[in-house]
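Participant: Please see the structure below; I have some questions.
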Amino acid sequence: MIIDTHYHMIPQVGTKASRFMARWPFQHAEKLGIPVDFDTLASEIKDIAADPAGEKLLARMDETGIDITMFCAVDDCSIRGNTYDIVKDLNEKTASIAGRSPSRLVALAGIDPRRPEAPALLTHCMD
Numbered sequence: 043m044i045i046d047t048h049y050h051m052i053p054q055v056g057t058k059a060s061r062f063m064a065r066w067p068f069q070h071a072e073k074l075g076i077p078v079d080f081d082t083l084a085s086e087i088k089d090i091a092a093d094p095a096g097e098k099l100l101a102r103m104d105e106t107g108i109d110i111t112m113f114c115a116v117d118d119c120s121i122r123g124n125t126y127d128i129v130k131d132l133n134e135k136t137a138s139i140a141g142r143s144p145s146r147l148v149a150l151a152g153i154d155p156r157r158p159e160a161p162a163l164l165t166h167c168m169d
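Numbering follows my numbering, in which position 77 of the sequence shown is assigned residue number 119; successive positions increment by one, without gaps.
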């Protein structure tokens, strides 16, 4: 049995988020001398990463022989606009995705411990 214990679930990706996510691979591509168009990369990330029902994840698991994936939403309280309500919603969506395939998907609470509301979010996720 193969269990992937580290996956970040991203149910939805807007244009601003995809551009933010594209910065890191774009910078590394530049350092390695690999020509990459930033706008194309951001667009591809938006298409690849967004997985509102977990269908892309399950398909990749089938393709690669992964039996179970443990995953969480991503919370970084240093990102402006990443509010309590947004993180609460992301964690609820993550739990819902796992609930569609409970024998293969295990949702973990994704909560930044630096967040002042972290204990309240954790309590909400556990309920």
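Cβ coordinates follow ideal geometry from the N, Cα and C atoms, glycine included.
#1: Looking at the strands, I want to know which residues DSSP matches up with D131.
#2: Smallest Cα separation from D89: which of Q69, L132, P53?
#3: Let's test the definition: count the other Cβ atoms within 10 Å of the Cβ of G75 and tell me whether it reaches 16, buried, or not, exposed.
#4: Return the first residue and the last residue of the alpha helix (DSSP H) that C167 is part of.
#5: State the start and end residues of the unbroken beta strand (DSSP E) segment that holds I110.
#6: Which value, in whole angstroms, describes the spacing of the CA atoms of S120 and I128?
#7: With burial defined as no fewer than 16 other Cβ atoms inside 10 Å of the residue's Cβ, what is the status of I87: buried or exposed?
Facilitator: If we stick to the structure as given:
#1: According to DSSP, which records beta bridges pairwise, D131 is partnered with nothing at all.
#2: For D89, the nearest C-alpha among the options comes from P53.
#3: Classification of G75: exposed, given that the 10 Å Cβ count is below 16.
#4: C167 -> alpha helix (DSSP H) spans 160-168.
#5: Bounds of the beta strand (DSSP E) holding I110 are 110-114.
#6: Cα-Cα distance, rounded: 14 Å.
#7: With a 10 Å radius around the Cβ and a threshold of 16 neighbouring Cβ atoms, I87 comes out buried.
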